[in-house]
Structures are given as structure tokens and as C-alpha cells.
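Enquirer:
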Amino acid sequence: MTRIIALANQKGGVGKTTTTQNLGAALAQRGRRVLLIDLDPQSNLTMGWGLNPNEQANTSYEVLLNPEQGAGFAVQPVRDHIDLIPATLDMAAAELELAGKIGRETLLRKALAPIRAAYDYILIDPPPSLGLCTLNALAAATEVLIPLQTEVYALKGMAQLQHTIVLMQEINPLLEIGGILCTMADRRQRMVQTIEDHIRERYGDLVYQAVIPENVKLKEAPVTGQPVLETDPTSAGALAYIELAQEVDR
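Note that my numbering has the sequence shown beginning at 15, numbered continuously upward.
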């Protein structure tokens, strides 16, 4: 069965896109067939694979506008075992254009139905909000991966996100929280370790053992249009995502 994972957190800058790209790359290294979907108008996931959003003829925007066509027309390969549905700045207008559509929260789910069986994993990167694009990601997903930055306000907004997930379970009963990932962690700082301990105490087994470090190689990789598993496969960031993939792919 295809696992569809929405990476969601309405707080920006928590490593959501970095995790989508590098978890996808790590799963592909394990021989899994992976589809990545960029739903964010900022198009960082698209650019992270070396693609210019302005040069993409078919994107997630067209997929949401025309779900009856299926999503296959917008899929393009970026690596062995990895396909991508890119995004463009046009996604910023999608919420207004889709507001009047019947079943507007399930457009992505409908579009994925004809192609989902071709993949072991589909990873969805929505914008850092709880708007219509994120709701489409949650309605299509089987699980949610929540990246949490290990900083003072890490848990701010978690209650709202959890409430949204509960509401979306009425539309998508399969949806569950797959795991919580501590990101951007500098364990040399005592405060960071304290925050991580608090997250683990509060959420228990939902928290992955893998922790994504604060790592310069992770920040540099997107500029090259490659995941860190390609640019520096022995870096702490790459090894952390390999460990995460092992936990996810059980």
C-alpha cells in the first residue's frame, strides 16, 4: 500500500522542505519509488532539485485546477526512483480560484488516485499555513510528519495543527500522525537538549529517534539543486536523514 505523507507545520522555517527532499532521497536510496509534490508557492522544493519554477509547463497548480485529468501529466523524473510534481508562484492564487469548487479539500486526493499505486511513498510539501493547499495535502495523506524546530516556541501552534488533523479525519479517516521530527538541533546548547527532552516527554513514541542537526551542509545543498545525500553524503545532516528513512521505512 502506498504511504502518502504530508509534511505539515504552519510555522515556517522548521526544515519542512529540506526534510521532504532529503527523506525522499534517502527512501529512494533504499530502493523505494518516491513521488514528491510541491504545493508551496515559494517553490523551494522545486528549486531544490535544480528546476526553475517559471519554466514548468505543468505544476501542482494545474493538478488542483484539473483533478479529473489525474496528476500524471505534471509528473517529471528528477532522479532514479524519484519523481516530482513541481510548483510555481501561481499556487499563490490557487486558494482563491479553488474556493468555490465543490469538494475543494479533496482535489489532490482525486488527482492522485490514478497514479498512487506506481509509488511506495508520496511526500507532500504544502505551504507553512493551514490554508486550502495544506488541507488538500491532509485529505490526500495517510499520515502526517510534523517537523518541529528545537527552539523555545517549538510547540506553539501544535494544538491548532492537531485540531486541524482531527477535523480532517472526518474527510479522511485514514489520516494519522506518523511522527514528529526534531529539526535544526544544536545539541551543544543545553537549552536545545532541554527542549528536545520536553518534546519527547510530551509526545512519547510519536517522536522519531532521528534528530536533524543544525548543519551548514543542509543549508548549502539546495543552492546546488541537489539533496545533501548527493552533495555531502557523509555529513551529519545526510546521516540523520538516512537514519530517519530507516525509521519511516519499517
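C-beta atoms are modelled at their ideal positions from N, C-alpha and C, and glycine is treated no differently.
Do Lys115 and Leu122 have their C-beta atoms within less than 8 Å of each other?
Expert: Against a cut-off of 8 Å, the Cβ pair of Leu122 and Lys115 comes out as no contact.
Enquirer: For Tyr133, which residues of its own chain have a beta-carbon under 7 Å away from its beta-carbon, when the five flanking residues on both sides are left out?
Expert: The answer, listed in chain order, is Thr16, Arg47, Val48, Leu49.
Enquirer: With three or more beta-carbon pairs closer than 8 Å as the criterion, would you say the segment 231-249 touches the segment 205-223?
Expert: No, the segment 231-249 does not touch the segment 205-223.
Enquirer: State the Cα-Cα distance for the pair Ala235 and Gly192, rounded to the nearest angstrom.
Expert: Near 26 Å, if we compare the C-alpha coordinates of Gly192 and Ala235.
Enquirer: Cα-Cα, which of Leu188, Asp200, Ala101 is closest to Val158?
Expert: Checked all of Leu188, Asp200, Ala101; the closest Cα to Val158 is Leu188.
Enquirer: For the alpha helix (DSSP H) holding Thr33, just list the boundary residues, first then last.
Expert: Looking at the DSSP string, the run of the alpha helix (DSSP H) that includes Thr33 is 30-43.
Enquirer: Can you find a C-beta in chain B that's less than 8 Å from the C-beta of His212?
Expert: The structure shown contains no chain B, having only a single protein chain.
Enquirer: Suppose contacts are defined by Cβ-Cβ distances below 8 Å. Is Leu41 in contact with Ala259 by that definition?
Expert: Against a cut-off of 8 Å, the Cβ pair of Ala259 and Leu41 comes out as a contact.
Enquirer: What three-state label does DSSP hand Val166 in the structure shown?
Expert: Reduced to three states, the DSSP call for Val166 is coil.
Enquirer: Shortest alpha-carbon distance to Ile19 belongs to which of Ala168, Asn150, Thr164?
Expert: When each option's Cα is compared against that of Ile19, the closest is Asn150.
Enquirer: Check Ala131 in the structure and name its three-state DSSP category.
Expert: Ala131 falls in the helix class under three-state DSSP.
Enquirer: How would you call Ala127, buried or exposed, if buried means at least 16 neighbouring beta carbons within 10 angstroms?
Expert: Classification for Ala127: exposed.
Enquirer: Can you list, in chain order, the residues of its chain whose CB lies under 7 Å from that of Glu76, leaving out five sequence neighbours each side?
Expert: Excluding residues within five positions, the ones whose Cβ falls inside 7 Å are Ala88.
Enquirer: Rounded to whole angstroms, what is the Cα-Cα separation between Arg130 and Glu109?
Expert: Distance between the alpha carbons of Arg130 and Glu109 is about 24 Å.
Enquirer: How long is the line joining the alpha carbons of Gly86 and Arg204, rounded to whole angstroms?
Expert: Computed Cα separation, rounded: 48 Å.
Enquirer: Among Leu21, Gly27, Thr33, Val28, which residue has its Cα nearest to the Cα of Gly251?
Expert: The candidate whose alpha carbon is nearest that of Gly251 is Thr33.
Enquirer: Who pairs with Gly193 in a beta bridge, going by DSSP?
Expert: Answer is Leu159, bridged to Gly193.
Enquirer: Compare the Cα-Cα distances from Asn23 to each of Leu162, Leu253, Asp219, Thr248 and report the closest residue.
Expert: Minimum Cα distance to Asn23 is reached at Leu162.
Enquirer: Should Asn68 be labelled buried (16 or more other beta-carbon atoms within 10 Å of its own) or exposed?
Expert: Classification for Asn68: exposed.
Enquirer: How long is the line joining the alpha carbons of Trp63 and Asp54, rounded to whole angstroms?
Expert: Cα to Cα, the separation comes out at about 14 Å.
Enquirer: In chain order, what residues of the same chain lie with their CB nearer than 8 Å to the CB of Gln207, ignoring the 5 residues before and after it?
Expert: Arg201.
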